[in-house]
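Enquirer:
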Amino acid sequence: MYTFVKVTKLITIMFFLAIAVLVTASSTAELDVLEMARTAVVEARTRFASMAVVESEVATSGHYYLGLSECEKLYDESEARLSKLVEAHENFTVEDIRTWLSGVLANHNTCLDGLVQERQGHDMPLVHRNVTFVLHEALAFYKKSRGHMKKSKNIRDMTFENTAGPHKHQAVALRVNSDLSLFYRCSFKGYQDTLFTHSLRQFYRDCHIYGTIDFIFGDAAAVFQNCDIFVRRPMDHQGNMITAQGRDDPHATTGISIQHSRVRAAPEFEAVKGRFKNYLGRPWKKYSRTVFLKTDLDGLIDPRGWREWSGSYALSTLYYGEFMNTGAGAETTRRVNWPGFHVLRGEEEASPFTVSRFIQGDSWIPITGVPFSAGV
């Protein structure tokens with residue numbers, strides 16, 4: 001349906017060589033790295049906007065048009081974040097920059113996932129490959145950090161619910177893509193895909209999360225502390241997976257960390273929980289990363305602990321960890337034997353996933369007055 005001007009092989013080679021030189025340069029090239037990322041995002045937004053115009057005129061698929069429109073919005077948001085980084089670079093720590101770049105990559109992948117689902121990847125502009133490459137290289141560029149206090153966005157004592165039921169399949173109750181997001185004493189109720197921790201840094205304290213399949217998912221750096229995670233009854237032919245983390249780059253700062261919490265059956269599921277397979281999670285993306293730290297796991301959790309997404313996909317590149325969990329479902333002797341699964345042996349291995357180190361919570365949570373534990 002669409003005709004795209006293909007870049008010649010020579011120009012393409014020159015483009016990637018320029019990026020490779022750029023990202024291996026000294027720290028004086030930081031602004032150039034961010035500017036290159038912004039340029040790639042703007043190019044992608046322009047291309048997808050053109051596709052949306054054509055699609056609206058042809059009107060062959062309303063769903064595809066909506067997907068293209070959503071891509072425009074995601075790239076607009078990404079450009080705004082990158083512009084802020086470029087224009088006020090000195091005000092951000094390297095951890096801020098890596099987090100925001102991870103968020104831009106999450107937006108990009110969300111766009112592509114939606115279009116692939118609708119069209120199986122057909123008519124995908126070549127520009128998306130440039131965006132992917134530039135963002136991966138930019139994430140690899142940043143290594144050091146600086147620090148200062150930050151302001152958070154916090155929500156307290158609210159319930160977010162999607163009442164669609166298990167038969168409606170994916171039904172998100174809330175999508176979160178704001179940096180330094182904090183939820184205190186909130187409830188998230190749904191079945192499949194309840195809480196979409198889409199991107200950036202997020203903290204959940206004293207919250208209740210209900211669901212069935214992949215009901216905590218996304219590509220944020222998210223810490224859940226002192227939360228109650230309630231597994232609900234799925235449809236009769238289904239099993240339950242609590243998490244489906246979407247990290248797609250080994251340098252991304254993202255993952256799900258569940259700490260000092262409780263995993264149990266929802267009241268209506270308690271009597272029949274033995275009839276269903278229930279798992280801690282499965283790898284949505286290649287570098288999926290999830291840990292459970294000092295959390296009480298009910299006996300409903302299958303002894304294998306974790307489930308494959310599809311065959312051997314991501315089993316050697318994911319990072320799944322458990323540390324000092326308790327309860328009938330915490331025994332690790334029968335856990336999966338995947339290269340990416342780890343029983344963490346000490347606080348030194350667990351500490352990278354704490355509030356202090358994983359989401360730099362020491363610099364922005366105290367001013368909210370919300371209680372938290374900084375370490376393991």
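Under the UniProt record's numbering, the very last position in the sequence shown is 376; numbers go up by exactly one each time.
We put the CB at the ideal spot given by N, CA and C, even for glycine.
Would you tell me roughly how many angstroms separate the C-alpha atoms of Lys73 and Gly346, rounded to the nearest one?
Expert: Taking the sequence shown and counting its residues from 1, the one referred to as residue 73 is at position 73. Taking the sequence shown and counting its residues from 1, the one referred to as residue 346 is at position 346. Their Cα atoms are separated by approximately 43 Å.
Enquirer: For Leu85 and Leu139, which I take to be in contact (beta-carbon distance under 8 Å), what is that distance rounded to the nearest angstrom?
Expert: Residue numbering aside, residue 85 sits at position 85 when the sequence shown is read from its first letter. Residue numbering aside, residue 139 sits at position 139 when the sequence shown is read from its first letter. The Cβ separation is near 13 Å, so there is no contact.
Enquirer: Alpha carbon to alpha carbon, how far is Gly329 from Ala52? Give it in angstroms, no decimals.
Expert: Here residue 52 refers to the residue found at position 52 when the sequence shown is read from its first residue. Here residue 329 refers to the residue found at position 329 when the sequence shown is read from its first residue. The alpha-carbon atoms of Ala52 and Gly329 are separated by roughly 49 Å.
Enquirer: Report the option in Phe133, Ser152 and Glu87 whose CA atom is closest to the CA atom of Gly369.
Expert: Within the sequence shown, the letter at position 369 stands for residue 369. Comparing Cα-Cα distances from Gly369 to each of Phe133, Ser152 and Glu87, the minimum goes to Ser152.
Enquirer: Mapping DSSP to helix, strand and coil, what is Leu130?
Expert: Locating residue 130 in the sequence shown gives position 130, counting from the first residue. Per the sequence shown, the amino acid found at residue 130 is Asn instead of Leu. Helix, per DSSP.
Enquirer: Can you list, in chain order, the residues of its chain with a C-beta nearer than 6 Å to that of Tyr75? Leave out the 5 residues immediately preceding and following it.
Expert: Locating residue 75 in the sequence shown gives position 75, counting from the first residue. Only Val41, Ala44 and Arg45 meet the Cβ criterion.
Enquirer: Find the nearest neighbour of Ser310 within the set Ala244, Lys273 and Phe323, judged by alpha-carbon distance.
Expert: Within the sequence shown, the letter at position 310 stands for residue 310. Per the Cα distances, Ala244.
Enquirer: If I follow the unbroken alpha helix (DSSP H) through Glu349, where does it start and stop?
Expert: Locating residue 349 in the sequence shown gives position 349, counting from the first residue. Glu347 to Ala350 is the extent of the alpha helix (DSSP H) around Glu349.
Enquirer: In whole angstroms, what separates the C-alpha of Asp193 from that of His167?
Expert: In the sequence shown, residue 193 corresponds to position 193, counting from 1. In the sequence shown, residue 167 corresponds to position 167, counting from 1. Taking the straight line from one Cα to the other gives about 13 Å.
Enquirer: Where Tyr319 and Glu349 are concerned, what is the direct C-alpha to C-alpha distance, given to the nearest angstrom?
Expert: As a working note, residue 319 is residue 319 in the sequence shown. As a working note, residue 349 is residue 349 in the sequence shown. Approximately 12 Å between the Cα atoms of the pair.
Enquirer: State the Cα-Cα distance for the pair Phe323 and Phe292, rounded to the nearest angstrom.
Expert: Within the sequence shown, the letter at position 323 stands for residue 323. Within the sequence shown, the letter at position 292 stands for residue 292. The straight-line gap from Cα to Cα measures roughly 6 Å.
Enquirer: According to DSSP, Ser257 sits in a beta bridge with which residue or residues?
Expert: Here residue 257 refers to the residue found at position 257 when the sequence shown is read from its first residue. Answer is Val223 and Val291.
Enquirer: Enumerate, from N- to C-terminal direction, the unbroken beta strand (DSSP E) stretches of 3 or more residues contained entirely within the stretch 242 to 286.
Expert: Correct list: 255 to 259, 262 to 265 and 278 to 281.
Enquirer: Along the beta strand (DSSP E) that carries Arg357, what are the first and last residues, could you check?
Expert: Counting from one through the sequence shown, the residue named residue 357 turns up at place 357. Per DSSP, Arg357 belongs to no beta strand (DSSP E); it is in the alpha helix (DSSP H), Val355 to Phe358.
Enquirer: Does DSSP put Leu182 in a helix, in a strand, or in coil?
Expert: Position 182 of the sequence shown, counting from 1, holds the residue named residue 182. Leu182 falls in the strand class under three-state DSSP.
Enquirer: Check each candidate in Asn130, Leu82, Glu87 and Glu70 and name the one with the smallest Cα separation from Thr110.
Expert: The residue you call residue 110 lines up with position 110 of the sequence shown. Here the closest residue by C-alpha is Glu70.
Enquirer: For Asn107 and Phe196, I'd like the C-alpha separation in whole angstroms.
Expert: Taking the first residue of the sequence shown as 1, we reach residue 107 at position 107. Taking the first residue of the sequence shown as 1, we reach residue 196 at position 196. Using only the alpha carbons, I get a separation of about 13 Å.
Enquirer: Is it buried or exposed, His63, if we count other Cβ atoms within 10 angstroms and call 16 or more buried?
Expert: For the purposes of this step, residue 63 is identified with residue 63 of the sequence shown, where counting begins at 1. With fewer than 16 other Cβ atoms within 10 Å, it is exposed.
Enquirer: Got a sec? Which residues, its chain only, sit under 6 Å from Asp296 by beta carbon, not counting five neighbours each side?
Expert: Sequence index remark: in the sequence shown, residue 296 carries index 296 (1-based). So the qualifying residues of the chain are Arg262, Thr326 and Gly327.
Enquirer: List the residues that DSSP assigns as beta-bridge partners of Leu174.
Expert: As a first step, residue 174 must be located in the sequence shown, where it is residue number 174. Note: Leu174 sits in a beta bridge opposite Leu195.
Enquirer: Rounding to the nearest angstrom, what Cα-Cα distance links Phe188 and Met36 in this structure?
Expert: One-based indexing of the sequence shown puts residue 188 at position 188. One-based indexing of the sequence shown puts residue 36 at position 36. For Phe188 and Met36, the distance between alpha carbons rounds to 38 Å.
Enquirer: Grab me the residues of Ser178's own chain with a C-beta within less than 7 Å of its C-beta, minus the 5 sequence neighbours each way, in chain order.
Expert: Position 178 of the sequence shown, counting from 1, holds the residue named residue 178. Closer than 7 Å at the Cβ level, and outside the excluded window around Ser178, lie Lys153 and Leu200.
Enquirer: Taking 8 Å as the threshold (C-beta atoms), are Asn278 and Val231 in contact?
Expert: By one-based count along the sequence shown, residue 231 stands at place 231. By one-based count along the sequence shown, residue 278 stands at place 278. Taking 8 Å as the Cβ cut-off, Val231 and Asn278 qualify as a contacting pair.
Enquirer: Would you mind stating whether Asp219 and Gly246 have Cβ atoms separated by less than 8 Å?
Expert: One-based indexing of the sequence shown puts residue 219 at position 219. One-based indexing of the sequence shown puts residue 246 at position 246. Contact flag set, yes.
Enquirer: Hey, would you say Pro283 sits closer than 8 Å to Ala314, going by beta carbons?
Expert: Your numbering for residue 283 matches position 283 in the sequence shown. Your numbering for residue 314 matches position 314 in the sequence shown. Yes, Cβ-Cβ distance for Pro283 and Ala314 is below 8 Å.
Enquirer: Helix, strand or coil for Glu331, going by three-state DSSP, please let me know.
Expert: Residue mapping note: residue 331 aligns to position 331 of the sequence shown, counting from 1. Reduced to three states, the DSSP call for Glu331 is coil.
Enquirer: Within 10 Å of its beta-carbon, does Asp157 have 16 or more other beta-carbons around it, so buried, or fewer, so exposed?
Expert: The residue labelled residue 157 in the question sits at position 157 within the sequence shown. It is exposed - the Cβ of Asp157 has fewer than 16 other Cβ atoms within 10 Å.
Enquirer: Let me check one thing: in DSSP terms, what residues is Glu161 bridge-paired to?
Expert: Position 161 of the sequence shown holds residue 161. According to DSSP, which records beta bridges pairwise, Glu161 is partnered with Lys189.
Enquirer: Please go through the same chain and pick out, in chain order, the residues whose beta-carbon is closer than 7 Å to the beta-carbon of Leu68, but skip the five residues on each side of it.
Expert: Taking the first residue of the sequence shown as 1, we reach residue 68 at position 68. Hits under 7 Å: Phe48, Met51, Ala52 and Glu55.
Enquirer: When you compare only the Cα positions, how much space is there between Glu161 and Ile359?
Expert: The count along the sequence shown starts at 1 and reaches residue 161 at position 161. The count along the sequence shown starts at 1 and reaches residue 359 at position 359. Those two C-alpha atoms are separated by around 26 Å.
Enquirer: So what does Lys153 bridge to, in DSSP terms?
Expert: For this step, residue 153 is matched to residue 153 along the sequence shown. Note: Lys153 sits in a beta bridge opposite Ser181.
Enquirer: Taking Met235 as the reference, give the member of Arg275, Ser312 and Ile256 with the closest Cα.
Expert: If you number the sequence shown from 1, residue 235 lands on position 235. Looking at the Cα atoms, Arg275 is the closest of the given residues.
Enquirer: Anyone know if the C-beta pair for Gln225 and Val355 falls short of 8 Å?
Expert: Numbered from 1 along the sequence shown, position 225 holds the residue referred to as residue 225. Numbered from 1 along the sequence shown, position 355 holds the residue referred to as residue 355. Cβ distance < 8 Å, so Gln225 and Val355 count as in contact.
Enquirer: Who are Leu297's beta bridge partners in DSSP?
Expert: Here residue 297 is taken as the residue at index 297 of the sequence shown, counted from 1. Note: Leu297 sits in a beta bridge opposite Val263.
Enquirer: Using the C-alpha atoms, what's the distance from Val94 back to Val21?
Expert: One-based indexing of the sequence shown puts residue 21 at position 21. One-based indexing of the sequence shown puts residue 94 at position 94. Because the pLDDT of Val21 is 42, which lies under 50, any placement of that residue in the model is unreliable, and the question is left without a value.
Enquirer: Out of Ile367, Ser78, Gly255 and Gln238, which one is the CA nearest neighbour of Lys285?
Expert: Indexing the sequence shown from 1 puts residue 285 at position 285. The shortest C-alpha separation from Lys285 is found at Gly255.
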